[in-house]
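A.B. asks:
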Amino acid sequence: MTDWTRGAFGSRGDSGREKEPFIKDAGKKVLALLIALTLWFVANLQHDAEKYIPIDINYANLPKGLIIVNNPPEKLNIRVRGPRSQLSSLSPNDMVFTVDLSNLTMGTSMFEIRTDQIVPPRDVQVTAISPSEINLDVDRLAQKRVSVEPVIEPPDTGFEIAGSTQVTPESVVIRGPEKLLKRIKSIGTDPVSLKDEKSKFTIEVPLRSPYSLVEITGGNTVKVTVDISEKIMEKEFNNLDINFVNFDDLEYETDESIVTELAFEGPFSIINNLNSKDIELYVDGSGIKDSGSGKTHKLTVSVDYPHKDVLKLTKQSPKTIAVKTN
Numbered sequence: 230m231t232d233w234t235r236g237a238f239g240s241r242g243d244s245g246r247e248k249e250p251f252i253k254d255a256g257k258k259v260l261a262l263l264i265a266l267t268l269w270f271v272a273n274l275q276h277d278a279e280k281y282i283p284i285d286i287n288y289a290n291l292p293k294g295l296i297i298v299n300n301p302p303e304k305l306n307i308r309v310r311g312p313r314s315q316l317s318s319l320s321p322n323d324m325v326f327t328v329d330l331s332n333l334t335m336g337t338s339m340f341e342i343r344t345d346q347i348v349p350p351r352d353v354q355v356t357a358i359s360p361s362e363i364n365l366d367v368d369r370l371a372q373k374r375v376s377v378e379p380v381i382e383p384p385d386t387g388f389e390i391a392g393s394t395q396v397t398p399e400s401v402v403i404r405g406p407e408k409l410l411k412r413i414k415s416i417g418t419d420p421v422s423l424k425d426e427k428s429k430f431t432i433e434v435p436l437r438s439p440y441s442l443v444e445i446t447g448g449n450t451v452k453v454t455v456d457i458s459e460k461i462m463e464k465e466f467n468n469l470d471i472n473f474v475n476f477d478d479l480e481y482e483t484d485e486s487i488v489t490e491l492a493f494e495g496p497f498s499i500i501n502n503l504n505s506k507d508i509e510l511y512v513d514g515s516g517i518k519d520s521g522s523g524k525t526h527k528l529t530v531s532v533d534y535p536h537k538d539v540l541k542l543t544k545q546s547p548k549t550i551a552v553k554t555n
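The end of the sequence shown is residue 555 by the working numbering, with every number in the run present.
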């Protein structure tokens, strides 16, 4: 009885002891896997990789009296190789390429760029560069005085610029490449708007250089004075009827083939709105009522129209008309 019991329980105990090595082995395997992954990760970080990065170009020591007139590159695209961990933290600010211009002369100069001219961080190697050369077009820096020509926009309809436009100062000194300065005869301004302007006014406007490399020395603004006035216009009217007034029962006859022509001069705002309904031509017969029949009288053709204080009658035909009493 005792042996059977011990044997039964002993069998179960042996089974449990058989499982213990398996559990212990599983922990070792997981630990080994973690160590392997760590070693792989570390090895991978140390493995060389490549990366493209743009760095600034510093143009230094430009001789006095010279100026670069073309647009050389501001960035240098380089390809670097090194540990992945190193390249991941590499930024454009870690490197800069300086071009020494101390021996530069007028004309075109070419600078060749080699990989060994760039000093990268430790353990990083520069393997390629683009562009591999830089061309500079150099001119003499000069200056001269030129006149200022303001840019004036058109005035509103019916208005005009009276006299010449005044500019203060009338001229300025400009500085830049000698070749460009030879092309410049004057300097313009920002457009001066005349919208809603109806009289003399002064405005301060910026000067505008025709080239980015040409600068205006001193102040960059001028005062522009423009005198605006209303246009004086002329308007003609033809074939208007002539009215005969104060003839009462007097019998008379006239030349029916007479053609009337009138012309008026005045400010645009008034002359533009003047029409034939505003104008009356008439002959007054009150002075010939008692003259008897069979007589021919030369009577004045009068013209009545609005705004006589500002409108001027510049043309009238006929001024007189023959009237024969019957």
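All residues carry an ideal CB built from backbone N, CA and C; glycine is no exception.
#1: I'd like to know whether the C-beta atoms of residue 466 and residue 387 end up nearer to each other than 8 angstroms.
#2: Check for me: the alpha helix (DSSP H) holding residue 316 runs from which residue to which?
#3: Is it true that the CB of residue 514 sits closer than 8 angstroms to the CB of residue 462?
#4: Relative to the C-alpha of residue 431, which candidate in 451, 554 and 440 has its C-alpha closest?
#5: So with Cβ pairs under 8 angstroms, would you call residue 550 a contact of chain C?
#6: Can you list the beta strand (DSSP E) stretches of 3 or more residues lying completely in the region 462-526, in chain order?
#7: Are the Cβ atoms of residue 283 and residue 323 separated by less than 8 angstroms?
#8: Would you call the region 479-486 and the region 398-414 in contact, with 3 or more CB pairs under 8 angstroms?
#9: Here's the rule: buried if 16 or more other CB atoms are within 10 angstroms of the residue's CB, otherwise exposed. What is residue 379?
#10: When you compare each of 288, 517 and 440 to residue 302 by their alpha carbons, which one comes out closest?
#11: Around the Cβ of residue 368, are there at least 16 other Cβ atoms within 10 angstroms (buried) or fewer (exposed)?
#12: When the Cα of residue 436 is compared with those of 426, 447 and 428, which residue comes out closest?
#13: In angstroms, rounded to a whole number, what distance separates the CA positions of residue 292 and residue 331?
#14: Give me whichever residues DSSP pairs with residue 288 in a beta bridge.
#15: Please report the straight-line C-alpha distance between residue 243 and residue 260, rounded to a whole angstrom.
#16: Less than 6 angstroms between C-beta atoms, sequence neighbours within five positions excluded: which residues of the same chain meet that for residue 235?
#17: Buried or exposed for residue 315, please, with buried defined as at least 16 other CB atoms from any protein chain shown within 10 angstroms of its CB.
#18: Got a sec, what are the start and stop residues for the alpha helix (DSSP H) residue 426 sits in?
#19: In whole angstroms, give me the CA-to-CA distance for residue 457 and residue 424.
#20: Any idea if residue 334 is buried or exposed, counting beta-carbon neighbours within 10 angstroms, 16 or more meaning buried?
#21: What residue from 542, 352, 298 and 358 has the CA that sits closest to residue 341's CA?
#22: If you count every other CB in all the chains shown that lies within 10 Å of the CB of residue 459, and 16 or more means buried, which is it?
#23: Do residue 400 and residue 376 have their C-beta atoms closer together than 8 angstroms?
#24: Please state whether DSSP places residue 334 in a helix, a strand or coil.
#25: Between which two residues does the beta strand (DSSP E) holding residue 369 run?
#26: With 16 as the cutoff for other CB atoms within 10 Å, does residue 384 come out buried or exposed?
#27: Here's a check: name, in chain order, each residue in its chain whose Cβ is nearer than 7 angstroms to the Cβ of residue 347, leaving out the five neighbours to either side.
#28: Would the beta-carbon of residue 532 fall within 8 angstroms of that of residue 542?
#29: Taking the alpha carbon of residue 489 as the reference point, which residue from 475, 508 and 469 has its own alpha carbon closest?
C.D. replies: Put simply:
#1: Taking 8 angstroms as the Cβ cut-off, residue 466 and residue 387 do not qualify as a contacting pair.
#2: 313-317
#3: no
#4: 451
#5: Structure shown: chain C not included; a single protein chain is present.
#6: 471-474, 481-483, 490-496 and 509-513
#7: no
#8: no
#9: buried
#10: Considering only alpha carbons, the answer is 288.
#11: Buried, because 16 or more other Cβ atoms sit within 10 Å of the Cβ of residue 368.
#12: 447
#13: Between the C-alpha atoms of residue 292 and residue 331 there is a straight-line separation of about 6 angstroms.
#14: 328
#15: Caution applies to residue 243, whose pLDDT of 49 falls short of 50 and renders its modelled position unreliable; the model cannot decide the point.
#16: In this predicted model, residue 235 has a pLDDT of only 43, less than 50, meaning its place in the structure is not dependable; the value taken from the coordinates is given anyway. Answer for residue 235: no residue qualifies.
#17: buried
#18: It is not in any alpha helix (DSSP H) - residue 426 carries neither H nor E in the DSSP assignment.
#19: 11 angstroms
#20: exposed
#21: Nearest in C-alpha terms to residue 341, of all of 542, 352, 298 and 358, is 358.
#22: buried
#23: A distance below 8 angstroms separates the beta carbons of residue 400 and residue 376.
#24: coil
#25: 362-378
#26: buried
#27: 307, 324, 326 and 355
#28: yes
#29: 469
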